[in-house]
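**Q** Attaching a single structure in structure tokens format; questions to follow.
Chains as they are written, first to last, in our numbering: chain C, 1 to 525; chain L, 1001 to 1117.
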């Protein structure tokens, strides 16, 4: 047991961060070929295996700490793996793998920069999940963001460079705000070790200082009122990149909010009201925006805003029950959203457009993709046999237990809106009469999804434009989204194990004593 | 006090440049905002304690400078530098490869790009 924990803290935890970085260098040096693409698939598999080890080690609520360089607890910049970190690590590795398969099938693997950029981005994401230090969190977020700028600029359409600029401005501003907030936190507490900040939120001055950090993270997580950048940027990259961004980058913000709010603030502080207001508004505005969008990814991007509201509202509801709902929802949502983005991306790649009006009747010719879409859409809405049902049930239970009637009602009503916009996508894209898009193919379409190098040279990918009206879609584009939808169904049918894990994780988030003791307890490896 | 004024000036001018639009202004604005944040961190460490804290270990604790904020700022400067280089490279490349194209217009023009998006 002790040797086990030692191995984990000395090798596995730092390794999860180091491996993608080393692999990225190797992949870049050998260029875009089969080997580097294989590396891009292998690394998430290894990380997933590592996350399984970490989940096993932490499933009773234990905390595995890696005090970097063996410094004493509280002095060292610690890597900390608790159940939440381990679960997030696993689900991230899963979605990276699925997105990579999709991206290769879509031809993105031909770009020399793609695999290294994704690997570095994932290193930053894994690091952010594992770090126990606010400043390190900032560094990790930057590590994840820099390659995302490259992906954004290289994989989008010509028109997307304008949205790349918006993406840059928002993220640079958020990072700078985060940094300033960090300075203020250090100024009032003298530490940026998250465990050492535990419970200090009871002091007003610390609560305000941490509030600056929280605002910066809310900007990154695209919560209302700082949400409008997300639907204006995410749909304009290539679909695989959108899936990666949605599953990784916004999730860092969400995860960090969960971690910081759970550690620093006490239940019942004023921030509770602020979080509820922001989350409820996000739920409503996100779903209303989704109803008004006209492209597949536009609808999905607005849904993200709504769903992040669902995830985070549990943070301030009913202690352990609320946190358990957060953890379950976070994992469910990451899987389902990636599935939807990938299936939607398949449509865009193969039909050459994501505009709902120009599509229709695809269920007849492409039953597997349609099944994947409907599974994931029903799961997102919260229909019983899927994971989304348990996730929404968790949120509703927490709201009922906390007596938050507003949250309860809004969560239910917004579900109807979610169903409505999913039906709009379903009827528009998969049901109805197939639309022959030949006339449109002649005109230069504004939403063709060819990967473009920043300079504007089109990469040599198999062009979907010349394909005959009813083509067989590339199976490797369809399978990743379908597999993730099946996982959602699997979780929905056999939810006990994940509910138990979420419950354990929720309890340790509600009472972070074990976390704090493990980090500060002076136990050097 | 002078530090607070400096932060206010840097943050104000930086924000103004950021919302003005135009790629180079954006980058300059980002640099200034980064400096503002760095000064906040330096201020957090306390500016009246100036004795080197570690060199020979003889510095009195109430006069020794706090090395941690300096380490933070150093890291932040390096990150800002890296991001700046990347941004400048991106802009230079767009401007060189497709002068006058929609690309450059979208990224380079002053207010049009903002209002159209």
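All C-beta atoms, glycine included, are put in the ideal place defined by N, C-alpha and C.
On a predicted model such as this, the values are computed, not experimentally measured, just so you know.
Buried or exposed: which applies to residue 258 of chain C, given that a residue is buried once 16 or more other Cβ atoms fall within 10 Å of its Cβ?
**A** Reading the first chain from its first residue, position 258 is the one you call residue 258 of chain C. Counting Cβ neighbours within 10 Å, residue 258 of chain C comes out buried, since at least 16 surround it.
**Q** Counting only C-beta atoms, is residue 1054 of chain L closer than 9 Å to chain C at any point?
**A** The count along the second chain starts at 1 and reaches residue 1054 of chain L at position 54. For residue 1054 of chain L, the answer is no, since every Cβ of chain C falls outside 9 Å of its Cβ.
**Q** Chain C beta carbons: is any one of them nearer than 9 Å to that of residue 1067 of chain L?
**A** By one-based count along the second chain, residue 1067 of chain L stands at place 67. So, not an interface residue.
**Q** Three Cβ pairs or more, each shorter than 8 Å: is that satisfied between the segment 52-72 of chain C and the segment 98-111 of chain C?
**A** no
**Q** With a threshold of 6 Å on Cβ separation, who are the neighbours of residue 528 of chain C within its own chain once the five nearest residues in sequence on each side are excluded?
**A** Because residue 528 of chain C is not part of the residues shown, which for chain C are 1 to 525, the question remains open.
**Q** Out of C:165, C:116, C:200, C:150, which has the shortest C-alpha to C-alpha gap to residue 40 of chain C?
**A** As a position in the first chain, residue 40 of chain C is number 40, starting the count at 1. The candidate whose alpha carbon is nearest that of residue 40 of chain C is C:116.
**Q** By Cβ distance, which residues of its chain are closer than 7 Å to residue 58 of chain C, with the 5 residues on each side in sequence left out?
**A** Working through the first chain from its first residue, we reach residue 58 of chain C at position 58. Excluding residues within five positions, the ones whose Cβ falls inside 7 Å are 64, 81, 82, 83, 86.
**Q** Which residue comes first and which comes last in the alpha helix (DSSP H) that contains residue 373 of chain C?
**A** In the first chain, counting from the first residue as 1, residue 373 of chain C sits at position 373. Where residue 373 of chain C is concerned, the enclosing alpha helix (DSSP H) stretches over 367-381.
**Q** For residue 1036 of chain L, count neighbouring Cβ atoms within 10 angstroms of its own Cβ and tell me buried if that reaches 16, exposed if not.
**A** Translated into the one-based positions of the second chain, residue 1036 of chain L becomes position 36. Buried, because 16 or more other Cβ atoms sit within 10 Å of the Cβ of residue 1036 of chain L.
**Q** For residue 271 of chain C versus residue 316 of chain C, is the C-beta distance shorter than 9 Å?
**A** Here residue 271 of chain C corresponds to residue number 271 of the first chain, with the count starting at 1. Here residue 316 of chain C corresponds to residue number 316 of the first chain, with the count starting at 1. Contact: yes.
**Q** For residue 195 of chain C and residue 72 of chain C, I'd like the C-alpha separation in whole angstroms.
**A** In the first chain, the residue the question calls residue 195 of chain C occupies position 195. In the first chain, the residue the question calls residue 72 of chain C occupies position 72. Going by C-alpha positions, residue 195 of chain C is about 14 Å away from residue 72 of chain C.
**Q** Can you give me, in chain order, the residues of the segment 122-150 of chain C that have a beta carbon less than 7 Å from any beta carbon in chain L?
**A** 135, 139, 142, 146, 149
**Q** Can you give the Cα-Cα distance for residue 443 of chain C and residue 358 of chain C, rounded to whole angstroms?
**A** Looking up residue 443 of chain C in the first chain gives position 443. Looking up residue 358 of chain C in the first chain gives position 358. Because the pLDDT at residue 443 of chain C is just 39, under 50, the model does not fix this residue reliably, and the value given afterwards should be weighed accordingly. Using only the alpha carbons, I get a separation of about 13 Å.
**Q** State the Cα-Cα distance for the pair residue 1073 of chain L and residue 504 of chain C, rounded to the nearest angstrom.
**A** The residue labelled residue 1073 of chain L in the question sits at position 73 within the second chain. The residue labelled residue 504 of chain C in the question sits at position 504 within the first chain. Rounded to whole angstroms, residue 1073 of chain L to residue 504 of chain C spans 38 Å at the Cα level.
**Q** Consider the Cβ of residue 192 of chain C: report whether some Cβ of chain L lies at a distance smaller than 9 Å.
**A** For this step, residue 192 of chain C is matched to residue 192 along the first chain. Yes, residue 192 of chain C lies at the interface with chain L (some Cβ there is under 9 Å from its Cβ).
**Q** Have a look at C:400, C:283, C:23, C:10 and flag the residue whose alpha-carbon is nearest the alpha-carbon of residue 54 of chain C.
**A** Locating residue 54 of chain C in the first chain gives position 54, where the first residue counts as 1. Residue 54 of chain C has its Cα closest to that of C:10, out of C:400, C:283, C:23, C:10.
**Q** Taking Cβ-Cβ distances shorter than 9 Å, what residues in chain C pair up with residue 1075 of chain L?
**A** Your numbering for residue 1075 of chain L matches position 75 in the second chain. Per Cβ cutoff of 9 Å: 135, 138, 139.
**Q** For residue 1066 of chain L, which of helix, strand or coil comes out of DSSP?
**A** Reading the second chain from its first residue, position 66 is the one you call residue 1066 of chain L. Three-state result, residue 1066 of chain L: coil.
**Q** For chain C, find out if any of its Cβ atoms is closer than 9 Å to the Cβ of residue 1005 of chain L; answer yes or no.
**A** Taking the first residue of the second chain as position 1, residue 1005 of chain L is located at position 5. Closer than 9 Å: no.
**Q** Please tell me whether residue 199 of chain C and residue 263 of chain C are closer than 9 Å, where the distance is taken between their beta carbons.
**A** Your numbering for residue 199 of chain C matches position 199 in the first chain. Your numbering for residue 263 of chain C matches position 263 in the first chain. In contact: residue 199 of chain C and residue 263 of chain C (Cβ atoms closer than 9 Å).
**Q** Please classify residue 37 of chain C: is it buried, with 16 or more other beta-carbons within 10 angstroms of its beta-carbon, or exposed?
**A** Within the first chain, numbered from 1, the residue matching residue 37 of chain C stands at position 37. So residue 37 of chain C counts as buried.
**Q** Tell me the rounded alpha-carbon separation between residue 167 of chain C and residue 228 of chain C.
**A** As a first step, residue 167 of chain C is located in the first chain; it is residue number 167 there, counting from the start. As a first step, residue 228 of chain C is located in the first chain; it is residue number 228 there, counting from the start. When rounded, the distance between both Cα atoms is 11 Å.
**Q** In the DSSP assignment, find the unbroken alpha helix (DSSP H) run with residue 282 of chain C in it and report its ends.
**A** In the first chain, counting from the first residue as 1, residue 282 of chain C sits at position 282. Taken as a continuous stretch (DSSP letters only), the alpha helix (DSSP H) holding residue 282 of chain C covers 271-292.
**Q** Give me the Cβ distance between residue 306 of chain C and residue 287 of chain C, rounded to the nearest whole Å; I'm assuming they're in contact under 8 Å.
**A** The residue labelled residue 306 of chain C in the question sits at position 306 within the first chain. The residue labelled residue 287 of chain C in the question sits at position 287 within the first chain. So it is a contact: roughly 5 Å between Cβ atoms.
**Q** Listed from N- to C-terminal order along the chain, which residues in the segment 1015-1031 of chain L have their beta-carbon within a distance smaller than 8 Å of any beta-carbon of chain C?
**A** 1018, 1023, 1026, 1030
**Q** Using CA coordinates, which residue listed in C:500, C:311, C:261, C:284 is at the minimum distance from residue 250 of chain C?
**A** Translated into positions along the first chain, residue 250 of chain C becomes position 250. Nearest option by C-alpha distance: C:311.
**Q** Taking residue 184 of chain C as the query, report the chain L residues whose CB atoms sit under 8 Å from its CB, ordered along the chain.
**A** As a first step, residue 184 of chain C must be located in the first chain, where it is residue number 184. Simply 1040, 1044.
**Q** Is it true that the CB of residue 485 of chain C sits closer than 9 Å to the CB of residue 535 of chain C?
**A** Outside the displayed span of chain C (1 to 525) sits residue 535 of chain C, for which this structure offers no information.
**Q** Is residue 1013 of chain L close to chain C, meaning its C-beta is less than 9 Å from at least one C-beta of that chain?
**A** Mapped onto the second chain, residue 1013 of chain L falls at position 13. Output row for residue 1013 of chain L: interface = no.
**Q** For residue 1047 of chain L, count neighbouring Cβ atoms within 10 angstroms of its own Cβ and tell me buried if that reaches 16, exposed if not.
**A** Against the second chain, residue 1047 of chain L aligns to sequence position 47. Classification for residue 1047 of chain L: exposed.
**Q** For residue 454 of chain C, which residues from the same chain have a beta carbon less than 7 Å from its beta carbon, with the 5 sequence-adjacent residues on both sides left out?
**A** By 1-based counting over the first chain, the position of residue 454 of chain C is 454. For residue 454 of chain C, the pLDDT reaches just 39, beneath the cut-off of 50, and the residue's location in the model is therefore unreliable, although a value from the coordinates is still provided. Same-chain partners within the cutoff: 153, 154.
**Q** Nearest-angstrom Cα distance between residue 518 of chain C and residue 282 of chain C?
**A** Stepping through the first chain from its first residue, residue 518 of chain C is reached at position 518. Stepping through the first chain from its first residue, residue 282 of chain C is reached at position 282. C-alpha separation (whole angstroms): 35 Å.
**Q** Let me know if residue 291 of chain C comes out buried or exposed under the rule of 16 or more other beta-carbons within 10 Å of its beta-carbon.
**A** Stepping through the first chain from its first residue, residue 291 of chain C is reached at position 291. By the neighbour-count rule (16 or more Cβ atoms within 10 Å), residue 291 of chain C is not buried but exposed.
**Q** Could you give the distance in angstroms between the alpha-carbon of residue 90 of chain C and the alpha-carbon of residue 473 of chain C?
**A** Here residue 90 of chain C refers to the residue found at position 90 of the first chain. Here residue 473 of chain C refers to the residue found at position 473 of the first chain. For residue 90 of chain C and residue 473 of chain C, the distance between alpha carbons rounds to 29 Å.
**Q** Are there 16 or more other CB atoms within 10 angstroms of the CB of residue 452 of chain C, so buried, or fewer, so exposed?
**A** Taking the first residue of the first chain as 1, we reach residue 452 of chain C at position 452. Any reading at residue 452 of chain C is ruled out, since the residue's pLDDT is 41, under 50, leaving its predicted position unreliable.
**Q** Counting C-beta neighbours from all protein chains within 10 Å, is the total for residue 56 of chain C 16 or more, i.e. buried, or is it exposed?
**A** As a position in the first chain, residue 56 of chain C is number 56, starting the count at 1. Counting Cβ neighbours within 10 Å, residue 56 of chain C comes out exposed, since fewer than 16 surround it.
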